[in-house]
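Notes to accompany the following structure.
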Amino acid sequence: MPLDVRRQKGHWQGRFSAMASPCEILLEVDHEAEARTLCEAAKAEALRIEAKFSRYRDDNILHALNNGAGQPVTVDEETADLLDFAHRCHEISGGRFDITSGVLRRIWKFDGSDRVPSRKQAKALLPLVGWPKVTWDRPRITVPVGMEIDLGGLGKEYAVDKAATLLAERTTASMLVNFGGDLRAVGRRKDGRNWQVGVELPGQADTAGLQLELGLGALATSGDARRFLLRGGVRYPHILNPRTGWPVMRAPRSVTVLGDTCTEAGLLATLAMLHGDGAEAFLEEQGVQNWVMR
Amino acid sequence: MAVTSRKGRGNGAGGKGTVRAAIMGACGLLGLAGSRAEATEVRSALLGYTEPNRVSAIEAIVDGNHDFSDGKILNFRLVLDALTGASANGATPASYTQTFTRPSGNGSYQTAPGETPLDDTFKDTRGALSVGLGLPLNRMTNLNFGLYGSGEHDYSSLGGNLTLTRDLHQRNTTVALHGAYFHDTIFPEGGRPDPFTPMEPEGLPKAKLSGDGTKEILDLGLGVTQVLNRKMIVYLNYTYSNVTGYQTDPYKIFSVVDPVTGDPRATDPYLYESRPDARDKHILFGKMSWHLERDIIQLSYRYFMDDWGVHSNTVDLTYRWNLSNRTFLKPHLRYYNQSATDFYRRYLVDGQALPENVSADYRLGDMHTVTYGLTYGRKLDSGNELTLRLEYYAQMGDGYPPDAIGNLKDFDLFPTVDAFIMQVGFNFSLPE
Chain S
8 MPLDVRRQKG HWQGRFSAMA SPCEILLEVD HEAEARTLCE AAKAEALRIE AKFSRYRDDN
68 ILHALNNGAG QPVTVDEETA DLLDFAHRCH EISGGRFDIT SGVLRRIWKF DGSDRVPSRK
128 QAKALLPLVG WPKVTWDRPR ITVPVGMEID LGGLGKEYAV DKAATLLAER TTASMLVNFG
188 GDLRAVGRRK DGRNWQVGVE LPGQADTAGL QLELGLGALA TSGDARRFLL RGGVRYPHIL
248 NPRTGWPVMR APRSVTVLGD TCTEAGLLAT LAMLHGDGAE AFLEEQGVQN WVMR
Chain L
166 MAVTSRKGRG NGAGGKGTVR AAIMGACGLL GLAGSRAEAT EVRSALLGYT EPNRVSAIEA
226 IVDGNHDFSD GKILNFRLVL DALTGASANG ATPASYTQTF TRPSGNGSYQ TAPGETPLDD
286 TFKDTRGALS VGLGLPLNRM TNLNFGLYGS GEHDYSSLGG NLTLTRDLHQ RNTTVALHGA
346 YFHDTIFPEG GRPDPFTPME PEGLPKAKLS GDGTKEILDL GLGVTQVLNR KMIVYLNYTY
406 SNVTGYQTDP YKIFSVVDPV TGDPRATDPY LYESRPDARD KHILFGKMSW HLERDIIQLS
466 YRYFMDDWGV HSNTVDLTYR WNLSNRTFLK PHLRYYNQSA TDFYRRYLVD GQALPENVSA
526 DYRLGDMHTV TYGLTYGRKL DSGNELTLRL EYYAQMGDGY PPDAIGNLKD FDLFPTVDAF
586 IMQVGFNFSL PE
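Same order as they appear, the protein sequences are chains S and L.
Under the numbering used here, the first residue of the first sequence carries the number 8, and numbering increases by one thereafter.
Under the numbering used here, the first residue of the second sequence carries the number 166, and numbering increases by one thereafter.
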């Protein structure tokens, strides 16, 4: 989808598509040319990050390090920063957040069916899951054969923050960056009002989603109510515990968190989901504004 | 299906959860600064201090920081205090009533037999303001610079400082280089007495040094903060400090006593004190924070030595006992000991040759102190925090040295000083 820029009441709106999501930039600038240039820059940044870290491509750094045949691969600064970050998040979450857990998707296909794999199948995959099995010695990473790194759990939120940062370096105008419902607002609006945002709760076509106001900060949502398995009246949500290879039963349908950065909000939302039953208690302890759908 | 919207309370500092704080720190690894982080936090406190029968002080402190969205941080601190009461002038007790001239030269005060002479003209208000700006130079390096100024009716200080910090090893290590410079000016009431000249009776002029006293202070420091694991953080710091200029206390005297009776000699019994005009200090400081499942223990040790002959040790221990997510109790224990400066003399004996420097200021003598304290803190519904601190402090030295002369054997030459401290604090965030 090419970039579409149009005038709205009091601001400019740019729309494009990236990372398999509708993306939107709202800007409080005066002229269309300026709005267009800024939106182009945001779009280019989103596409750059998508191309670099998508696991559906075979020409990027992610593919290179996942196919290193057990040999060390040297990565660039940005990738190294993301790996440092993922390493810290693994530590902070006591191993709940793990960028090697994507392997489990080989047996878990959350398509609404009743095809729940056996405990044995899950157990058989566990030797291929676990960040501590990866040797990360910046700037070199060694991924054991059969294991896989997936930055999908960070990518979209990271892209939102990067695009917002990039635009903020070029303009002091108030803006909202929204990539598929993960969003960030920078700079106060001239009239002091907040941006009105609709956060679509994935898979909830029957509800209007959340209508929220955002002045400064970021919102991110984890969870997708369309992705689950159902067997014997038991619902298996798509959120997987990397330590057991099994879904986190009784995880909320979705969690939305308000944070300072989109990456922070996204991680807190993901960690809340990983706490299952304890999602609300976890969010209570973190002191963040949150919306939990059960 | 239902959506529940709520704001969590937070189990950590400033209403922030510990996981959230750690994730925000980790976001720094990506060079992502939060735009909502534009916030102002203010800590305010009112402190009352009293040494029964001696000094009373009341102090107001406002201390805050404003975090800009681009990573810059502005700090400010304002302290106002008012002090009244009496302070030991350095002279020894005597077997008769002693009369001392007030620093202005107009007026005098008397001390009863056997009592420690206290100058009761102590009255001052002081204001101090410091402002600092922290600038991120790059992803891992920060520069902080600040200015400091303080004033009271007989003293002023102006200074500046610079700190460079660098994060290493995935931010598990922080190294800081610190430098500070201060220029102090002292303009005492009644002028600066010429050291070793006698305290003249009321109405007679004393011998004075010309002009104001000035002093230059240069501090250089190196600090390392190391995260050992998820529960332990260690901080180590070394500071070298060089002070040159006028360091004598213009209000302090010492007694010259009769070699037999121990009472002040008949002529010129009290001389103004004298201290060296250069001092080199070395300070080593180590602190460890240990996060238990629920509580936090902090232990620190400080070693101090200087070329005036002072060696001191401080051990400080606090235990933050989190009663709930919102309330805590924090007991505090502190022990301090110090050896006297080379030129500390409780008194001189008539006929003895005058040393190069002499001071009878009890703060420069051999002593040890203990502090016992308790703080109660409570987070309010608004997320702001209220604290109440109570402390008792005692300073002890050798009141009856075996070599005391004559009547001095019967007097307490180093009375214990007790102090009580009460502080009410309120920490809050300003709305955006």
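Note that the Cβ used here is the ideal one computed from N, Cα and C, for glycine as well.
Sheet register partners of residue i (DSSP bridge)
{"i": "Pro124(S)", "result": "None, per the DSSP bridge assignment."}
{"i": "Arg444(L)", "result": "Val408(L)"}
{"i": "Phe347(L)", "result": "Gly324(L) and Ile382(L)"}
{"i": "Leu243(L)", "result": "Val227(L) and Leu294(L)"}
{"i": "Pro415(L)", "result": "Answer is none; Pro415(L) lacks a bridge partner."}
{"i": "Ile32(S)", "result": "Gly21(S) and Val184(S)"}
{"i": "His598(L)", "result": "Outside the displayed range of chain L (166 to 597) lies residue 598(L), so it cannot be described from this structure."}
{"i": "Met189(L)", "result": "Met189(L) is not bridged to any residue."}
{"i": "Arg196(S)", "result": "According to DSSP, Arg196(S) bridges with nothing at all."}
{"i": "Ile398(L)", "result": "Val392(L) and Ser454(L)"}
Residue-chain proximity (residue i, chain L), Cβ-Cβ < 8 Å
{"i": "Met154(S)", "result": "no"}
{"i": "Phe117(S)", "result": "no"}
{"i": "Ile99(S)", "result": "yes"}
{"i": "Val206(S)", "result": "no"}
{"i": "Glu291(S)", "result": "yes"}
{"i": "Gly240(S)", "result": "no"}
{"i": "Tyr308(S)", "result": "Lying outside 8 to 301, the shown extent of chain S, residue 308(S) is not represented and no answer is given."}
{"i": "Val12(S)", "result": "no"}
{"i": "Asp7(S)", "result": "For chain S, the structure presents residues 8 to 301; residue 7(S) sits outside this window and is missing."}
{"i": "Phe235(S)", "result": "no"}
{"i": "Val295(S)", "result": "yes"}
{"i": "Glu72(S)", "result": "First, the residue type needs correcting, since residue 72(S) is Leu and not Glu in the sequence shown. Chain L contact via Cβ: absent."}
{"i": "Phe92(S)", "result": "yes"}
{"i": "Asp267(S)", "result": "yes"}
{"i": "Tyr165(S)", "result": "yes"}
{"i": "Glu31(S)", "result": "no"}
{"i": "Asp121(S)", "result": "no"}
{"i": "Thr172(S)", "result": "yes"}
Counted within 10 angstroms of its Cβ, other Cβ atoms place residue i as buried (16 or more) or exposed
{"i": "Glu176(S)", "result": "exposed"}
{"i": "Asn254(L)", "result": "buried"}
{"i": "Met587(L)", "result": "exposed"}
{"i": "Pro139(S)", "result": "exposed"}
{"i": "Met256(S)", "result": "exposed"}
{"i": "Gln503(L)", "result": "buried"}
{"i": "His38(S)", "result": "exposed"}
{"i": "Thr172(S)", "result": "buried"}
{"i": "Leu553(L)", "result": "exposed"}
{"i": "Lys16(S)", "result": "exposed"}
{"i": "Tyr261(L)", "result": "exposed"}
{"i": "Asp143(L)", "result": "With chain L running from 166 to 597 in the structure shown, residue 143(L) is simply not present."}
{"i": "Asp428(L)", "result": "buried"}
{"i": "Thr179(S)", "result": "exposed"}
{"i": "Ala372(L)", "result": "exposed"}
{"i": "Gln275(L)", "result": "exposed"}
8 Å Cβ cutoff met for residue i and residue j
{"i": "Ala569(L)", "j": "Asp531(L)", "result": "no"}
{"i": "Tyr435(L)", "j": "Ala277(L)", "result": "no"}
{"i": "Asp121(S)", "j": "Leu237(S)", "result": "yes"}
{"i": "Cys46(S)", "j": "Gly187(S)", "result": "no"}
{"i": "Gly542(L)", "j": "Gln293(S)", "result": "no"}
{"i": "Arg511(L)", "j": "Val523(L)", "result": "no"}
{"i": "Val389(L)", "j": "Val340(L)", "result": "yes"}
{"i": "Trp143(S)", "j": "His94(S)", "result": "yes"}
{"i": "Ala187(L)", "j": "Ile99(S)", "result": "yes"}
{"i": "Phe576(L)", "j": "Gly562(L)", "result": "no"}
Residue-chain proximity (residue i, chain S), Cβ-Cβ < 8 Å
{"i": "Ser170(L)", "result": "yes"}
{"i": "Met189(L)", "result": "yes"}
{"i": "Gly173(L)", "result": "yes"}
{"i": "Gly182(L)", "result": "yes"}
{"i": "Leu595(L)", "result": "no"}
{"i": "Arg185(L)", "result": "yes"}
{"i": "Leu195(L)", "result": "yes"}
{"i": "Arg201(L)", "result": "Interpretation of Arg201(L) is limited by its pLDDT of 45, a score under 50 that renders its predicted location unreliable; the figure taken from the coordinates is listed afterwards. At least one chain S Cβ lies under 8 Å of Arg201(L)."}
Any chain B beta carbon closer than 8 Å to residue i
{"i": "Trp298(S)", "result": "Included in the structure are the protein chains S and L, with no chain B among them."}
| said: Runs of 3 residues minimum, wholly inside the stretch 261–318 of chain L: which ones carry the beta strand (DSSP E) assignment? | reply: 263–266, 273–276, 283–303 and 306–317
Item to complete: Identify every run of the beta strand (DSSP E) within the stretch 199–260 of chain S, keeping only runs that are complete inside it and at least 3 residues long; order them along the chain.
Response: 202–206, 217–221, 224–229, 235–238 and 241–244
**Study point:** Continuous alpha helix (DSSP H) assignments of at least 4 residues falling wholly in the stretch 95–182 of chain S
**Key:** 126–132 and 159–177
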